[in-house]
Amino acid sequence: MGAARQVAAAHHPRSTVYETSLHVVGNVVDVPRHNRTANGSVTNFRMASTSRRWDEETRGFVDGATLWIDVACWGELGGNVARSITKGDPVLVVGNLLTESWESEAGRRSSNRIKAVAVGLNLARGWSAFTRPARAGSPAAVPAAEEAQAEVPPTEDPYADRSTDYIGGESTLHQADSDVIGDREAVPVLT
Numbered sequence: 001m002g003a004a005r006q007v008a009a010a011h012h013p014r015s016t017v018y019e020t021s022l023h024v025v026g027n028v029v030d031v032p033r034h035n036r037t038a039n040g041s042v043t044n045f046r047m048a049s050t051s052r053r054w055d056e057e058t059r060g061f062v063d064g065a066t067l068w069i070d071v072a073c074w075g076e077l078g079g080n081v082a083r084s085i086t087k088g089d090p091v092l093v094v095g096n097l098l099t100e101s102w103e104s105e106a107g108r109r110s111s112n113r114i115k116a117v118a119v120g121l122n123l124a125r126g127w128s129a130f131t132r133p134a135r136a137g138s139p140a141a142v143p144a145a146e147e148a149q150a151e152v153p154p155t156e157d158p159y160a161d162r163s164t165d166y167i168g169g170e171s172t173l174h175q176a177d178s179d180v181i182g183d184r185e186a187v188p189v190l191t
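Right, dumping it as structure tokens:
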């Protein structure tokens with residue numbers, strides 16, 4: 001196999017097998033740190049994910065165990081994460097679980113870490129605006145970015161007096177949404 005073909009195989013999606021892939025929903029618990037290394041740029045942050053379960057006795061949700069885990073975001077993902085998220089933000093992280101080991105004065109140590117392939121804000125907990133970075137050779141994205149900043153988010157939350165979870169009941173989700181928005185269109189028509 002030629003050198004070029006070996007390099008291509010190393011970056012092929014199927015070149016790595018038996019990785020532990022996972023999706024974690026939680027909150028960023030520290031300010032993301034962006035660094036340059038010999039292997040490229042990386043942004044690291046720590047997140048917490050707390051399970052919730054229904055408690056019949058209290059007739060409400062209660063917190064379960066909390067997973068605390070470090071997340072590493074390499075390359076362009078890391079740069080975008082450093083620009084987009086901060087401590088306290090609700091996020092979804094998709095990646096592969098890795099265990100890093102090292103020697104310390106106390107002996108052999110290890111820590112679990114997620115090597116992220118995607119990070120996003122959890123839109124079940126708020127709204128966001130997306131800005132696509134300009135690519136080399138493409139027209140500048142400045143006018144579109146200015147338009148996005150000119151849009152003002154709604155000042156009133158039409159769902160403020162409603163539960164955030166859909167439990168069920170006699171009305172369908174469509175009917176529940178129609179009650180909230182009234183005569184307004186749920187999605188404005190683009191012209």
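For the sequence shown, the positions run 1 to 191 when full-length UniProt numbering is used.
For every residue, glycine included, the Cβ atom is placed at its ideal position computed from N, Cα and C.
Cβ neighbours of residue i in the same chain (closer than 6 angstroms, five flanking residues each side left out)
i: residue 90; result: 27, 122, 125
i: residue 116; result: 71, 73, 93, 95
Backbone CA spacing between residue i and residue j [nearest angstrom]
i: residue 97; j: residue 128; result: 27 angstroms
i: residue 66; j: residue 100; result: 21 angstroms
i: residue 76; j: residue 49; result: 25 angstroms
i: residue 119; j: residue 81; result: 7 angstroms
i: residue 47; j: residue 57; result: 30 angstroms
i: residue 109; j: residue 20; result: 20 angstroms
i: residue 40; j: residue 85; result: 20 angstroms
i: residue 23; j: residue 30; result: 19 angstroms
i: residue 135; j: residue 18; result: 34 angstroms
i: residue 36; j: residue 45; result: 15 angstroms
Buried or exposed by the 16-neighbour rule on C-beta atoms within 10 Å, applied to residue i
i: residue 133; result: exposed
i: residue 130; result: exposed
For residue i, the nearest candidate out of the options (CA to CA)
i: residue 43; options: 78, 57, 120, 23; result: 78
i: residue 87; options: 20, 17, 33; result: 33
i: residue 69; options: 21, 111, 137, 135; result: 111
Cutoff 7 angstroms; reference residue i; Cβ partners in own chain excluding five residues on either side
i: residue 51; result: 64, 65
i: residue 54; result: 61
i: residue 38; result: none
Own chain partners of residue i with C-beta closer than 8 angstroms, once the 5 adjacent residues on each side are dropped
i: residue 114; result: 22, 24, 69, 70, 71, 72, 93, 95, 96, 97, 98
Residue i: CB within 7 angstroms of a non-hydrogen atom of the ligand GTP
i: residue 40; result: Questions concerning the ligand GTP fall outside what the structure shown contains, since it holds no ligand whatsoever.
On the three-pair Cβ rule with 8 angstroms, is the stretch 61 to 69 touching the stretch 99 to 106?
-> Under the three-pair Cβ rule at 8 angstroms, the stretch 61 to 69 does not count as touching the stretch 99 to 106.
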